[in-house]
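Asks: Going left to right, the sequence shown walks through residues -18 to -1, 1 to 217 as mature numbering (1 follows the signal peptide of the UniProt record, and there is no 0) numbers them.
Backbone N, C-alpha and C fix where the C-beta goes; we use that ideal spot for every residue, glycine too.
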Amino acid sequence: MLIPLIFSCIVAIPFAAGSDAPCHNIGGTCQDDHLHCSGSYVTGLCSGDAHRRCCSSHTAVDIGGCSGVKIYSRDSWGARRPKSFSTFHTPASLFFIHHTAGHGCHDFNSCAHTLRGIQNYHMDTRGWDDIGYSFLVGQDGNVYEGRGWHHVGAHTQGYNSRGFAASFMGNFMTHLPNAASMNAVKALIACGVQKGYISPSYHLYGHRDVGSTECPGDQLYKEIQSWPHYSHTHP
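Listed below in structure tokens is the structure:
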């Protein structure tokens, strides 16, 4: 039995797992996602099946609940629905840093456009089920949901079921991403640990540590070797 706790003018109502309260808390309405939503749909905030999602009036919805970083939902940037997906069994023991090696972006609209292009390339040209990365980050200092915390990615061959990946949008062979974007990824990882998605003893790697690639770019690769949990030992 749930009992409201009333202190002065504040009413705190605990909610059970699987309720619609998380959607209501962001001012949204739970409905079947085949119906029109005037804002954007957010996944994981409603009870019921996968097609019952939260329609938020906002076009850019922060789904992270993380200190120091905004994580915009895939619906915010106009993601296509995945062809299929596999559930990721958390906590992850590995975290990989990538770059997209393409154009960077510096505001929400340009980042959303870039994300849609990456997803189309991954799905239509490479034949993948969805955009490959777990998360992407722009030079606007925001993180954008890719496959997220709950689905296995297609980012680091041989390790997708063991780790998440964040990809910096842009090419970082000759220069570093800006401080805002690097701090955003650090905050994303810290949030993942705090929420139980990432093991507290995780190991951090660059993509080139486990594959024949220049990713995540020479300058970014040098930088992440100074980050907490970077490992020189092959996973």
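With a floor of 3 residues, list each beta strand (DSSP E) that falls wholly inside the segment 66 to 129, ordered by position along the chain.
Replies: 74 to 81, 117 to 119 and 125 to 127
Asks: Apart from the five residues on each side of it in sequence, which residues of its chain come closer than 7 Å, Cβ to Cβ, to Ser38?
Replies: For the purposes of this step, residue 38 is taken as the residue at position 56 of the sequence shown. For Ser38, where only same-chain residues beyond five positions count, the Cβ hits under 7 Å are Ile8, Gly9, Gly10, Gly21, Ser22 and Val24.
Asks: Exposed or buried, what is Pro4 when buried is set at 16 or more other beta-carbons lying within 10 Å of its beta-carbon?
Replies: On the sequence shown, residue 4 is found 22 positions in, with the first residue counted as 1. Result: buried.
Asks: Between Ala166 and Val125, which are expected to be in contact by the criterion C-beta below 8 Å, what is the C-beta distance as a whole number of angstroms?
Replies: Within the sequence shown, the letter at position 184 stands for residue 166. Within the sequence shown, the letter at position 143 stands for residue 125. Correct: roughly 5 Å between the Cβ atoms.
Asks: DSSP three-state label for Asp57, please.
Replies: Residue mapping note: residue 57 aligns to position 75 of the sequence shown, counting from 1. DSSP places Asp57 in coil when its eight states are reduced to three.
Asks: With DSSP as the reference, please indicate the residues paired to Thr138 in a beta bridge.
Replies: Locating residue 138 in the sequence shown gives position 156, counting from the first residue. DSSP, once it has assigned bridges, lists no residue as partnering Thr138.
Asks: Would Phe154 and Leu202 qualify as a contact pair, given that the criterion is a beta-carbon distance under 8 Å?
Replies: Sequence index remark: in the sequence shown, residue 154 carries index 172 (1-based). Sequence index remark: in the sequence shown, residue 202 carries index 220 (1-based). In this structure, Leu202 lies closer than 8 Å to Phe154 by Cβ.
Asks: Give me the Cα-Cα distance between Gly140 and Gly84, rounded to the nearest whole angstrom.
Replies: Locating residue 140 in the sequence shown gives position 158, counting from the first residue. Locating residue 84 in the sequence shown gives position 102, counting from the first residue. For Gly140 and Gly84, the distance between alpha carbons rounds to 24 Å.
Asks: So for Pro217, helix, strand or coil by DSSP?
Replies: Translated into the one-based positions of the sequence shown, residue 217 becomes position 235. Coil, per DSSP.
Asks: I need the straight-line Cα distance from Leu27 to Ser55, nearest angstrom please.
Replies: Your numbering for residue 27 matches position 45 in the sequence shown. Your numbering for residue 55 matches position 73 in the sequence shown. Looking at the two C-alpha atoms, the distance is approximately 12 Å.
Asks: So which of Gly128, Thr82 and Leu97 has the shortest CA-CA distance to Gly188?
Replies: Stepping through the sequence shown from its first residue, residue 188 is reached at position 206. Of Gly128, Thr82 and Leu97, the residue nearest in Cα terms is Thr82.
Asks: Going by DSSP in three states, Cys197 sits in which element: helix, strand or coil?
Replies: Your numbering for residue 197 matches position 215 in the sequence shown. Here Cys197 sits in coil by DSSP.
Asks: Does DSSP classify Gly145 as helix, strand or coil?
Replies: The residue you call residue 145 lines up with position 163 of the sequence shown. If DSSP states are grouped into helix, strand and coil, Gly145 belongs with the strands.
Asks: Determine the direct distance from the alpha carbon of Gln13 to that of Gly199, and round the result to whole angstroms.
Replies: What you label residue 199 is simply residue 217 of the sequence shown in a count that begins at 1. What you label residue 13 is simply residue 31 of the sequence shown in a count that begins at 1. Roughly 43 Å separates the two Cα atoms.
Asks: Under 7 Å Cβ to Cβ from Ile171, same chain only, skipping five residues before and after it: list those, please.
Replies: Position 189 of the sequence shown, counted from the first residue, corresponds to residue 171. Closer than 7 Å at Cβ, skipping near neighbours: Phe77 and Ile180.
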